[in-house]
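K.L.:
Written out as structure tokens, the structure reads:
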């Protein structure tokens, strides 16, 4: 099949590339000419393990193309995926749909035969209906159908998630659209991946509900961590004890500095505000948002307290800046709240991240960035682990101690054990562990 993908951001690029890996002919279109030229030259604008190899392979095979021309991308396409950004709207927290609707208005001019218009972007319930309304103002209803096909991609594992998904959710309103979408995902039959067809509004809610539930698990275990610290319990044992219950599961029960990234923060906020529009208060999800926002600043206070109640004039080494490992994504990362809070308290912050340095330099001021982890530690009064990159899990603790002025580790991801650190002469502070 021939398909078009509008937008070469994270979702659009990964989705388009994986569809081409299925054997479909995919044209990804973007208005950013420099990005398109770079993609043609094999330069990938995001870090996602394995994506560069897959892009190159399918470009060479003629299965994957990049262009700035929507007319070229739409020529002969049986389905067009809208995969543009839907960031939080300034001022009210709603999802900003201006890029979605701009794409709809433009693509309508190039629909000549029956085409399924698919929202891959995360959009509030009712967006598909609005897209249909706008297309009906320009097109005969026989020429199109609007579907919802939300993505469930984890940054750092997106290719695996697309090629071997837990499920594929597709919201359609007619059999023609269902037939097209079923053919698109037919290669997944070999993996027996569940293909779940629903109504369009149901699919839109499934995406938000899934992210909100996972975010709830994170905020929940972070609150349990606070209680554990006060009573002398261990949150990791608590998480294991409840996670072994198959009704609960152990994933997303890792206490830490709160969730970030391109999805959970904006999607929980958008769900709260979208539900408000329908007069349905999302009390639990609203609390999740509030807990997470407070969590990041509380982690800065944890560092300050561990350093004796003040970091004024002290050098703080920070390892990890991205919101999670195996990505260069800095969006809503806890580091963006923790580091400025430490600086406001007088700290001199030195930092390193394996992949996020370029973006971090644009988003964090007055931070001294280093080319490796150990460079941050010279004469440091505290070492803070914010992101659990694998290369931080086995630091040479003897070298770390020799470099630091004060052997204090504040491990916001609990990747080390207290006994091991104390055996090396460190003061160790974790999350949800006995002080």
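In the numbering used here, the protein residues as written are 1348 to 1782. From the three backbone atoms N, C-alpha and C, an ideal C-beta is built for every residue, glycine too. Computed from a predicted structure; not experimentally measured.
What are the start and end residues of each continuous alpha helix (DSSP H) run of 4 or more residues lying completely inside the segment 1480-1559, in chain order?
P.N.:
1505-1510 and 1522-1531
K.L.:
Let me know the secondary structure DSSP gives residue 1406 once reduced to three states.
P.N.:
As a working note, residue 1406 is residue 59 in the chain shown. Three-state DSSP puts residue 1406 in a helix.
K.L.:
Using CA coordinates, which residue listed in 1390, 1538 and 1515 is at the minimum distance from residue 1528?
P.N.:
On the chain shown, position 181 is the one that residue 1528 refers to. Ranking 1390, 1538 and 1515 by Cα distance to residue 1528 puts 1515 first.
K.L.:
For a minimum of 3 consecutive residues, which ranges assigned as the beta strand (DSSP E) are wholly contained in the segment 1404-1466?
P.N.:
1411-1414, 1426-1429 and 1462-1466
K.L.:
Which same chain residues, not among the five before or five after residue 1424, have their C-beta less than 7 Å away from its C-beta?
P.N.:
Taking the chain shown and counting its residues from 1, the one referred to as residue 1424 is at position 77. 1349, 1350, 1351 and 1462.
K.L.:
Do residue 1553 and residue 1497 have their CB atoms nearer than 8 Å?
P.N.:
Within the chain shown, numbered from 1, the residue matching residue 1553 stands at position 206. Within the chain shown, numbered from 1, the residue matching residue 1497 stands at position 150. At the C-beta level, residue 1553 and residue 1497 come within 8 Å of one another.
K.L.:
Near residue 1766, what residues of its chain come up, given a Cβ to Cβ distance below 6 Å and the 5 sequence neighbours on each side ignored?
P.N.:
Sequence index remark: in the chain shown, residue 1766 carries index 419 (1-based). Correct list: empty, nothing qualifies.
K.L.:
What are the uninterrupted segments assigned as alpha helix (DSSP H) that are 4 or more residues long and contained completely in the segment 1653-1706, given in chain order?
P.N.:
Segments of the alpha helix (DSSP H) lying fully in the segment 1653-1706: 1682-1691.
K.L.:
Leaving out the 5 sequence neighbours to the left and right, which residues in its chain are closer than 6 Å to residue 1703 when beta-carbon positions are compared?
P.N.:
Counting from one through the chain shown, the residue named residue 1703 turns up at place 356. Cβ-Cβ distances below 6 Å link residue 1703 to 1668, 1669, 1675 and 1677 in the same chain, with the five nearest sequence neighbours on each side left out; the list follows chain order.
K.L.:
From the DSSP output, read off the bridge partner residues of residue 1717.
P.N.:
Numbered from 1 along the chain shown, position 370 holds the residue referred to as residue 1717. The partner list for residue 1717 (beta bridge, DSSP) is empty, contrary to what the question assumes.
K.L.:
Alpha carbon to alpha carbon, how far is residue 1707 from residue 1649? Give it in angstroms, no decimals.
P.N.:
By one-based count along the chain shown, residue 1649 stands at place 302. By one-based count along the chain shown, residue 1707 stands at place 360. Spanning the two alpha carbons is a distance of roughly 22 Å.
K.L.:
Would you mind working out which of 1756, 1770, 1769 and 1733 sits nearest residue 1776, comparing C-alpha positions?
P.N.:
Numbered from 1 along the chain shown, position 429 holds the residue referred to as residue 1776. Here the closest residue by C-alpha is 1756.
K.L.:
Buried or exposed: residue 1741, going by 16 or more other Cβ atoms within 10 Å of its Cβ?
P.N.:
Sequence index remark: in the chain shown, residue 1741 carries index 394 (1-based). So residue 1741 ends up on the exposed side.
K.L.:
Mind checking whether residue 1492 and residue 1431 have CB atoms under 8 Å apart?
P.N.:
In the chain shown, residue 1492 corresponds to position 145, counting from 1. In the chain shown, residue 1431 corresponds to position 84, counting from 1. In this structure, residue 1431 does not lie closer than 8 Å to residue 1492 by Cβ.
K.L.:
Helix or strand or just coil, what does DSSP make of residue 1470?
P.N.:
The residue given as residue 1470 occupies position 123 in the chain shown. If DSSP states are grouped into helix, strand and coil, residue 1470 belongs with coil.
K.L.:
Are residue 1604 and residue 1681 closer than 8 Å when you measure CB to CB?
P.N.:
As a position in the chain shown, residue 1604 is number 257, starting the count at 1. As a position in the chain shown, residue 1681 is number 334, starting the count at 1. Yes, the Cβ-Cβ distance between residue 1604 and residue 1681 is below 8 Å.
K.L.:
Assuming residue 1619 and residue 1633 form a contact by the criterion Cβ under 8 Å, report the distance between their Cβ atoms to the nearest whole angstrom.
P.N.:
Locating residue 1619 in the chain shown gives position 272, where the first residue counts as 1. Locating residue 1633 in the chain shown gives position 286, where the first residue counts as 1. Yes, residue 1619 and residue 1633 are in contact; Cβ-Cβ is about 5 Å, under 8 Å.
K.L.:
With respect to the beta strand (DSSP E) encompassing residue 1374, which residues constitute its N-terminal and C-terminal limits?
P.N.:
Along the chain shown, read from residue 1 onward, the residue named residue 1374 stands at position 27. Per DSSP, residue 1374 belongs to the beta strand (DSSP E) from 1372-1376.
K.L.:
With burial defined as no fewer than 16 other Cβ atoms inside 10 Å of the residue's Cβ, what is the status of residue 1543: buried or exposed?
P.N.:
Stepping through the chain shown from its first residue, residue 1543 is reached at position 196. Label assigned to residue 1543: exposed.
K.L.:
Between residue 1717 and the rest of its own chain, which residues show a CB-CB distance below 8 Å, the 5 nearest in sequence each way excluded?
P.N.:
Numbered from its first residue, the chain shown carries residue 1717 at position 370. So the list reads 1697, 1698, 1699 and 1723, once near-sequence residues are dropped.
K.L.:
Does DSSP put residue 1756 in a helix, in a strand, or in coil?
P.N.:
Here residue 1756 refers to the residue found at position 409 of the chain shown. Here residue 1756 sits in strand by DSSP.
K.L.:
Measure the alpha-carbon distance for residue 1654 versus residue 1532 and round it to whole angstroms.
P.N.:
For the purposes of this step, residue 1654 is taken as the residue at position 307 of the chain shown. For the purposes of this step, residue 1532 is taken as the residue at position 185 of the chain shown. Each residue's alpha carbon lies about 54 Å from the other.
K.L.:
What does DSSP give as the partner residues of residue 1349 in its beta bridges?
P.N.:
Within the chain shown, the letter at position 2 stands for residue 1349. Bridge partners of residue 1349: 1372.
K.L.:
Where does residue 1359 land, buried or exposed, given buried means 16+ other C-beta within 10 angstroms?
P.N.:
Along the chain shown, one-based indexing puts residue 1359 at 12. Residue 1359 comes out buried.
K.L.:
Hey, how far is the Cα of residue 1771 from the Cα of residue 1599?
P.N.:
Position 424 of the chain shown holds residue 1771. Position 252 of the chain shown holds residue 1599. Cα to Cα, the separation comes out at about 30 Å.
K.L.:
Helix, strand or coil: which one does DSSP assign to residue 1625?
P.N.:
In the chain shown, counting from the first residue as 1, residue 1625 sits at position 278. Three-state result, residue 1625: coil.
K.L.:
Given 8 Å as the limit, is there contact between the segment 1612-1626 and the segment 1362-1370, that is, 3 or more CB pairs closer than that?
P.N.:
no
K.L.:
Write down the C-beta distance between residue 1597 and residue 1586 rounded to the nearest angstrom, noting that I regard them as a contact closer than 8 Å.
P.N.:
Within the chain shown, residue 1597 is the residue found at index 250, counting from 1. Within the chain shown, residue 1586 is the residue found at index 239, counting from 1. That pair is a contact at about 7 Å.
K.L.:
Determine the direct distance from the alpha carbon of residue 1538 to that of residue 1420, and round the result to whole angstroms.
P.N.:
As a working mapping, residue 1420 is identified with position 73 in the chain shown. As a working mapping, residue 1538 is identified with position 191 in the chain shown. So the alpha carbons of these two residues sit roughly 29 Å apart.
K.L.:
Residue 1589 lies in the alpha helix (DSSP H); which residues open and close that run?
P.N.:
Translated into positions along the chain shown, residue 1589 becomes position 242. Residue range 1582-1590 is occupied by the alpha helix (DSSP H) that includes residue 1589.
K.L.:
Decide if residue 1625 is buried, meaning its Cβ has at least 16 other Cβ atoms within 10 Å, or exposed.
P.N.:
Within the chain shown, residue 1625 is the residue found at index 278, counting from 1. When all chains shown are included, residue 1625 counts as exposed.
K.L.:
If I measure Cβ to Cβ from residue 1651 and keep anything under 8 Å in the same chain, skipping five residues before and after, which residues do I get?
P.N.:
By one-based count along the chain shown, residue 1651 stands at place 304. Hits under 8 Å: 1657, 1658, 1689 and 1692.
K.L.:
Confirm, please, whether the CB-CB distance from residue 1672 to residue 1576 is below 8 Å.
P.N.:
Counted from its first residue, the chain shown places residue 1576 at position 229. Counted from its first residue, the chain shown places residue 1672 at position 325. No; because the gap between Cβ atoms is not below 8 Å, this pair is not in contact.
K.L.:
Look at the alpha carbon of residue 1745 and the alpha carbon of residue 1764, and state the distance between them as a whole number of angstroms.
P.N.:
Translated into the one-based positions of the chain shown, residue 1745 becomes position 398. Translated into the one-based positions of the chain shown, residue 1764 becomes position 417. Straight-line Cα distance between these residues: approximately 15 Å.
K.L.:
Is residue 1414 closer than 8 Å to residue 1444 when the C-beta atoms are compared?
P.N.:
Walking along the chain shown from the start, residue 1444 turns up at place 97. Walking along the chain shown from the start, residue 1414 turns up at place 67. Not closer than 8 Å, so no.
K.L.:
Verify whether the separation of the beta carbon atoms of residue 1379 and residue 1391 is less than 8 Å.
P.N.:
The sequence position of residue 1379 within the chain shown is 32, counting from 1. The sequence position of residue 1391 within the chain shown is 44, counting from 1. Against a cut-off of 8 Å, the Cβ pair of residue 1391 and residue 1379 comes out as no contact.
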